[in-house]
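One structure is given below, encoded as structure tokens.
Residue numbers (the numbering used here), protein chains in the order written: chain A, 3 to 262; chain B, 3 to 360; chain C, 2 to 268.
This is how it looks when you write it as structure tokens:
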């Protein structure tokens with residue numbers, strides 16, 4: 003147990019220590035010197051902190067908007083993606099091919115997606131959520147399909163021997179079997195979804211949110227620190243969300259190989 | 003766990019890179035010779051070797067920058083012993099960024115944008131104000147019955163933001179409107195779809211670009227629309243100008259003058275022959291149609307050389323207009339504290355360039 | 002051959018499982034027909050422990066799956082307790098144990114055993130009672146709340162047997178259930194299985210490729226030979242019961258193993 007605790011301490015402590023050292027070097031100007039960057043191109047942590055404080059509560063409202071867009075999009079996209087995987091499993095003849103087609107959606111750049119969604123949705127939030135949902139959809143569909151179909155040998159025969167109906171096969175076998183893949187997809191989508199939400203805000207109709215502010219500030223010579231402050235906020239949000247999902251995963255998937 | 007942390011850090015780094023705009027486009031243009039040619043620039047006139055310089059445009063090749071393309075095509079730079087590379091702009095970075103990077107020697111940018119870089123202590127100066135008036139308009143449908151900034155209250159007003167929004171703020175401020183409460187500001191994309199679909203009541207439009215998109219490059223269709231002109235409203239902020247590093251210019255005075263002389267000659271020719279200039283630009287890059295290039299060229303000519311201006315006035319630094327830009331910018335939050343005009347511009351190169359020409 | 006015919010019929014009309022002229026041909030994608038079983042006749046008495054023994058490719062698993070209604074034969078007739086395999090499956094009258102334990106990773110031992118009972122929609126209390134009984138029967142009472150990954154291979158397969166028996170079937174079908182286990186675990190499980198069989202009086206059809214295993218466990222060993230799979234001999238195992246480890250060292254045990262091995266060499 004103590005070995006486990008020690009292991010945990012290093013697995014959390016080490017990256018944290020590296021992070022702290024990195025920030026210190028950054029503050030001391032080492033990163034700027036190494037990259038040949040002026041403090042406008044890469045503002046120092048102190049400048050970023052000041053910019054963050056100056057923005058005040060605006061940061062919270064901007065972050066909330068982006069968070070809502072990315073989480074709602076994540077939720078909807080993952081939901082639709084999972085449903086597609088279930089449908090593809092129910093009709094395997096065309097299901098697999100359809101999923102491949104669906105995954106082609108991930109090749110569409112967000113710039114293009116955002117413009118289409120801006121036309122389809124009158125509300126800016128709706129359009130952002132749609133972009134995130136589309137980005138998340140295929141990843142979930144393909145991962146979930148794998149989880150719904152990569153069953154251990156005889157698992158279906160077992161249910162067949164009990165004359166179990168089809169919905170039992172889904173409820174008691176396929177769906178629980180897909181949970182590890184669902185978590186994998188959610189974790190991928192968490193980062194991708196946040197990124198998509200931010201980029202869709204570059205092209206959004208409204209003038210709020212982390213992405214909009216990042217884009218705007220990065221174009222102005224005297225607001226780059228603010229832009230970086232918002233990037234830091236976005237990164238922190240992603241990290242926190244990732245950690246939350248990882249903790250939930252650990253609880254839910256106690257039985258899974260990855261958590262033994 | 004280790005694997006997860008690594009992948010997390012990896013994705014965050016990627017995220018940071020994309021968002022900060024230090025994307026591959028900037029990096030690749032720096033490595034594809036931009037940096038080296040910029041670094042190689044030197045005043046070696048007379049030695050027979052051409053001076054290589056890089057000019058960074060604000061945007062894709064279009065008649066907005068026609069003076070330089072004409073000067074290049076007509077051999078004006080060559081006559082000054084200059085070999086020029088004109089680099090198209092991108093939404094990922096600004097012209098100022100590229101000049102500061104050393105990727106470009108000169109940048110064609112908005113003066114209002116330049117002020118934000120000067121405020122944060124960058125060694126950049128405006129050496130020639132190419133556009134003599136604001137080309138930003140707010141376009142409205144006639145049916146909306148918006149006749150001036152006063153009628154904007156409660157309306158949806160569009161802009162591209164990223165530093166382009168301050169003339170709008172100044173206009174709203176002029177009528178005592180709070181930009182966050184009295185109107186609803188909407189971000190426009192590169193099209194005018196939102197305006198055409200009535201999602202925006204008053205859309206920002208450059209006279210030479212978006213306006214043409216709305217009226218199909220056909221001025222006779224203007225009768226369906228109304229314009230609010232920033233110059234008429236007295237809230238004009240100066241736009242397209244040429245900037246470069248102050249220190250670099252001081253050590254390359256002759257080269258800067260020669261570049262400016264050739265460029266101004268190009269602008270003179272382009273303003274006199276907008277159709278030909280449009281064709282020259284169109285041959286370089288087909289980002290917009292020839293018809294739109296021609297429309298743009300005519301409108302840009304009216305901005306570079308407004309009525310009452312002579313060829314000799316092209317590119318001059320009109321202190322009154324520039325000071326107004328600083329004043330409005332300070333008042334409406336573009337910059338926090340006023341930049342001193344004398345630190346912001348240096349008219350000596352333009353004076354020298356035009357003196358030699360006459 | 003005459004002897005074989007007599008033996009197959011020996012269980013007579015009281016047969017729990019009656020297999021007549023069963024044939025099975027697989028159709029490959031290339032359009033070829035691969036015969037897997039040809040004209041198999043067999044009768045299994047109620048309460049009998051019978052082994053289907055043979056090398057891989059002899060069709061022993063195919064035959065078991067046909068009995069389990071997991072495969073449809075291409076010819077022949079099969080009756081289980083007077084009904085078709087399909088009817089038997091629908092009524093959940095047999096339990097099956099596969100080559101691997103097929104435990105659901107996300108269910109504890111207790112919930113794995115409960116799985117068929119949930120499908121049968123038995124009252125919660127009865128489910129609990131049966132699970133407890135089964136845990137006791139296979140000696141895993143203390144491991145009820147463990148997840149499969151926390152168990153050894155032998156324990157996992159015991160859970161598989163408990164799950165198969167939980168529905169209280171008349172027949173237990175076992176498809177090489179111990180083939181993946183080490184020798185020591187396997188021998189322990191053989192004795193456990195015989196103990197459970199004695200207690201529950203099930204009819205057991207046990208598929209294996211291990212001669213000693215089939216001799217130790219069975220009343221009769223049905224020898225199948227490949228290409229195409231067919232029943233080539235039925236050997237009565239006359240060893241005394243109850244059988245314990247000592248049986249393996251009896252000369253009769255070795256003689257039976259040798260006899261069965263010899264029956265393969267003729268093929």
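Where is the CB? At the ideal position from N, CA and C, for every residue including glycine.
For the 8 Å CB-CB criterion, residue 79 of chain A and residue 138 of chain A form a contact. Contact check for residue 40 of chain C against residue 28 of chain C fails: the beta carbons are separated by 8 Å or more.
Per DSSP, reduced to three states, the secondary structure at residue 30 of chain A is coil, with no helix or strand assignment. Rounded to whole angstroms, the separation of the alpha carbons of residue 304 of chain B and residue 69 of chain B is 13 Å. The beta carbon of residue 311 of chain B lies closer than 7 Å to those of 134 in the same chain, with the five residues before and after it left out.
Shown in chain order are the members of the segment 117 to 133 of chain B whose Cβ falls below 9 Å from a Cβ of chain A: 117, 118, 119, 120, 121, 122, 123, 124, 126. The residue from B/216, B/247, B/111 with its alpha-carbon nearest to that of residue 127 of chain B is B/247. Residues are counted here when their Cβ sits less than 9 Å from a Cβ of chain A; for the segment 109 to 131 of chain C these are 109, 116, 117, 119, 120, 121, given in chain order.
Close CB contacts of residue 208 of chain B within its chain, under the 7 Å cut and outside five residues either way in sequence, are with 137, 138 (chain order). Cα atoms of residue 347 of chain B and residue 262 of chain B: separation of roughly 14 Å, rounded to the nearest angstrom. The three-state secondary structure of residue 188 of chain B, taken from DSSP, is strand. By the criterion of a C-beta distance shorter than 7 Å, residue 76 of chain A is surrounded in its chain by 134, 138, 191, 192, 195, once the five residues flanking it on both sides are discounted. Listed in chain order, the positions of the segment 88 to 103 of chain B with a beta carbon within less than 7 Å of a beta carbon of chain A are 96, 98, 102. Under the Cβ distance rule, residue 148 of chain C counts among the residues neighbouring chain A, one pair being separated by less than 8 Å. Here the alpha carbon of residue 210 of chain B sits roughly 8 Å from the alpha carbon of residue 300 of chain B. Of all residues in the segment 138 to 168 of chain A, only 154, 155, 156, 157, 159, 160, 161, 162, 163, 164, 165, 166 place a beta-carbon less than 8 Å from a beta-carbon of chain C. Inter-segment contact for the segment 82 to 91 of chain A and the segment 99 to 109 of chain A is present: three or more beta-carbon pairs are separated by less than 8 Å. Contact annotation: in the segment 220 to 233 of chain A, residues whose CB is within less than 9 Å of a CB in chain B are 220, 221, 222, 223, 224, 225, 226, 227, 229, 230, 232, 233. Where residue 301 of chain B is concerned, the enclosing alpha helix (DSSP H) starts and stops at 292 to 306.
About 6 Å separates the Cβ atoms of residue 68 of chain A and residue 200 of chain A, confirming a contact at the 8 Å cut-off. Going by C-alpha positions, residue 134 of chain C is about 15 Å away from residue 196 of chain C. In this chain, the beta strand (DSSP E) harbouring residue 36 of chain C covers 34 to 46. The Cβ of residue 162 of chain C sits no closer than 8 Å to any Cβ of chain A. Contacts with chain A at 8 Å (Cβ-Cβ) include residue 337 of chain B.
Taken in chain order, the members of the segment 195 to 218 of chain B whose beta-carbon sits within less than 9 Å of a beta-carbon on chain A are 195, 196, 199, 201, 202.
Cβ proximity to chain A below 7 Å picks out 163, 164, 165 from the segment 155 to 170 of chain B. Residues of the segment 286 to 299 of chain B with a C-beta atom less than 9 Å from some C-beta of chain A do not occur.
Counting only Cβ-Cβ distances below 8 Å, residue 153 of chain B has no contacts in chain A at all, with the closest Cβ about 21 Å away. Its Cα nearest to that of residue 112 of chain B, the residue B/240 stands out among B/240, B/330, B/307, B/338. Here the C-alpha atom of residue 77 of chain C lies approximately 21 Å from the C-alpha atom of residue 172 of chain C.
Within the model, the alpha-carbon separation for residue 35 of chain C versus residue 26 of chain C is close to 5 Å. Put simply, the backbone Cα of residue 143 of chain A is about 59 Å away from that of residue 256 of chain C. Taking a 10 Å sphere around the C-beta of residue 30 of chain A, we find fewer than 16 other C-beta atoms and assign the residue as exposed. Where residue 206 of chain B is concerned, the enclosing beta strand (DSSP E) starts and stops at 204 to 208. Cα atoms of residue 79 of chain B and residue 73 of chain B: separation of roughly 6 Å, rounded to the nearest angstrom. Taking the Cβ atoms as the reference, residue 349 of chain B lies roughly 12 Å from residue 259 of chain B, outside the contact range of under 8 Å.
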